[in-house]
Amino acid sequence: MSLNAADMNELQVVAKVIVNANMERYQEFVELGNSIVDRNKWKLVKSKDEVRVYLERAQRRHYSPLSTYLEGGASSDLQSLLCVGRTPGTLEDVMYGIVSPTLEGTRTKASYTNDISGAAVLSTVREPTDNEPFRSVVVKWMELDVRLKSMGFVKNRDYVYVESTGIEELPDGERVGYHVMHSIDIPQGHVLPGRVRAKLSICSFFRQVNEDYVSVYVMGMMDPMSDRVRRLVVPSFVKTLLSTLNVHAWDVVGAGD
773 MSLNAADMNE LQVVAKVIVN ANMERYQEFV ELGNSIVDRN KWKLVKSKDE
823 VRVYLERAQR RHYSPLSTYL EGGASSDLQS LLCVGRTPGT LEDVMYGIVS
873 PTLEGTRTKA SYTNDISGAA VLSTVREPTD NEPFRSVVVK WMELDVRLKS
923 MGFVKNRDYV YVESTGIEEL PDGERVGYHV MHSIDIPQGH VLPGRVRAKL
973 SICSFFRQVN EDYVSVYVMG MMDPMSDRVR RLVVPSFVKT LLSTLNVHAW
1023 DVVGAGD
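Everything in the sequence shown is counted per our numbering, starting at 773 for the first residue and increasing by one.
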């Protein structure tokens, strides 16, 4: 898929705006909230090892920086996701596991979980370099396989999105890795038969907390869906999202509540 220079520049700007807006929220969570999750607002749906996944309680859903970029449906109808914790390794280890600007790398990541039935690189906007090995901007497509789990009653969800990765240096010199997955509408991203074209906006941050562990903070939103669909789509999406952190085969419960 060919994108012109203006399209490529716009995608990089959008990804940067999302990173900046959510970096502020992340820093507030760490510095002001002491990395403590408000359990009145967020419902724990699964924990494994040292990573925990929460869904926002329905009566408390409200505006998020990510909701600005998801069209269709009021922000109160969007399904919000929060993942916090830590994973073994270094920041470089985590980023190497996330960065996948090529088709081969994308399909390798997709093979980590059986919840993805298809994945493709549609266009490469920015490739990693020797000086910035984790900086990339890529347009991708993926399909979540929920049809079999629903006995054919729910169609698979697919997404066309821009994926952006990199490491930012904060004013105090600390390095924070980021990973953005944000749905986009482009003429070349044709709607495929037998699938529902869904939307998402996910922003993740990673920070070295000691020589052995990296902290994980993931904030995301998905477009509105019925409870029946949510019970299938959200667990599949969570497993897909966390597969790069070597947290596999989760049975996420309570996703529709």
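Even glycine gets a Cβ: it sits at the ideal position worked out from N, Cα and C. Predicted model, so just to flag it, every value in this text is computed and none were measured.
Val-823 - containing alpha helix (DSSP H), residue span
From DSSP, Val-823 is part of no alpha helix (DSSP H) but of the beta strand (DSSP E) over 823–828.
Gly-844 versus Glu-983: straight-line alpha-carbon distance, rounded:
Summary for Gly-844: the model assigns pLDDT 46, below 50, so the residue's position carries little reliability; its value from the coordinates is reported in the next sentence. If I take the Cα positions, the gap works out to 43 Å.
Beta-bridge partners of Leu-854, as assigned by DSSP:
Tyr-826, Met-991
Kindly indicate the opening and closing residues of the alpha helix (DSSP H) around Gly-966.
Gly-966 -> no alpha helix (DSSP H), and no H or E assigned at all.
Count the other C-beta atoms from every protein chain shown that fall within 10 angstroms of the C-beta of Ser-976, then say buried if there are 16 or more, exposed otherwise.
buried
DSSP-derived helix/strand/coil call for Ser-895
strand
According to the Cβ coordinates, are Val-986 and Ala-787 closer than 9 Å?
no
Among Glu-941, Val-911, Leu-850, nearest to Met-991 - alpha-carbon criterion
Leu-850
For the beta strand (DSSP E) that contains Ile-939, what are its first and last residues?
928–941
Are Arg-761 and Val-802 closer than 9 Å when you measure CB to CB?
Outside the displayed range of the chain (773 to 1029) lies residue 761, so it cannot be described from this structure.
What are the boundary residues of the alpha helix (DSSP H) that Glu-864 is part of?
863–870
Can you tell me the Cα-Cα spacing of Pro-905 and Ala-892, whole angstroms?
21 Å
When you compare only the Cα positions, how much space is there between Val-866 and Lys-927?
32 Å
Spatial neighbours of Leu-775 within its chain, please: C-beta separation below 6 Å, excluding the five flanking residues on both sides.
Ser-895
Glu-876 versus Ile-888 - alpha carbon distance:
15 Å
How should Ser-998 be labelled, buried or exposed, when 16 other C-beta atoms within 10 angstroms of its C-beta is the threshold for buried?
exposed
Nearest-angstrom Cα distance between Asn-794 and Asp-930?
25 Å
Asp-902 to Val-871, Cα distance in whole Å?
14 Å
How is the beta strand (DSSP E) around Val-909 delimited, first residue to last?
908–916
Spatial distance of Trp-814 from Leu-854 (CA atoms)
8 Å
Let me check understanding here. Comparing Cα to Cα, which of Arg-797, Tyr-798, Phe-1009, Ala-830 lies closest to Arg-811?
Ala-830
Which residue marks the beginning of the beta strand (DSSP E) containing Lys-788, and which one marks its end?
No beta strand (DSSP E) holds Lys-788; the alpha helix (DSSP H) holding it covers 777–803.
Between Glu-915 and Ser-908, which are expected to be in contact by the criterion C-beta below 8 Å, what is the C-beta distance as a whole number of angstroms?
Not confirmed; about 21 Å, so no contact.
Use the C-beta contact count for Leu-804: other C-beta atoms within 10 angstroms, 16 or more gives buried, fewer gives exposed.
exposed
Three-way DSSP call (helix, strand, coil) for Val-809 in this model:
coil
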